[in-house]
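In the numbering used here, the protein residues as written are -4 to 162.
This is the structure we're talking about:
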């Protein structure tokens, strides 16, 4: 049957952490200014990815409408962070959790279950972004997904092979 609630606004993707602060990302010196392509992801979320992923998640979540309302009241939907992880060539995410001082205010008395379901929502959104919204456009066997990055990689490979196209 699924959960019947209004879809909250997509997260703002404020991304308060630096690249080296994410456990799953190995920060290199070249990555210090990288914004994880949040602006691109933010646009895709606003253009429908958040709505579609939330609807998919709502079909399988065991949270009640009251629990979802509490999550919304606490502003946790806006605390999600989605970012491009170039090391894994995928969309990563950080799901919020119910703050310690608010755990008693969650209906149903299962804040750990709410945390698990928020993680499931993050995974659903991340997978939908990768698979349905941020598709690679194949042209003659080449992708133009993040074309600038691929162009830099091609130039670096050519230099390493000794055929520098810029020379």
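For glycine and all other residues, C-beta sits at the position ideal for the given N, C-alpha and C.
Counting the other CB atoms within 10 Å of its CB gives residue 54 a total below 16, which places it among the exposed residues.
The continuous beta strand (DSSP E) containing residue 86 extends over residues 85 to 89. Residue 116 holds the alpha-carbon nearest to the alpha-carbon of residue 50 among 153, 116, 154. Taking 8 angstroms as the cut-off, the beta carbon of residue 59 is found closer than this to the beta carbon of residue 102.
About 26 angstroms separates the Cβ atoms of residue 129 and residue 63, ruling out a contact at the 8 angstroms cut-off. Out of 32, 31, 37, the CA that lies nearest to the CA of residue 4 is found in 37.
Residue 57 carries a coil assignment under DSSP once its states are collapsed to helix, strand and coil.
The Cβ atoms of residue 88 and residue 31 lie no closer than 8 angstroms to each other. DSSP, reduced to helix, strand and coil, places residue 76 within a strand of the structure shown.
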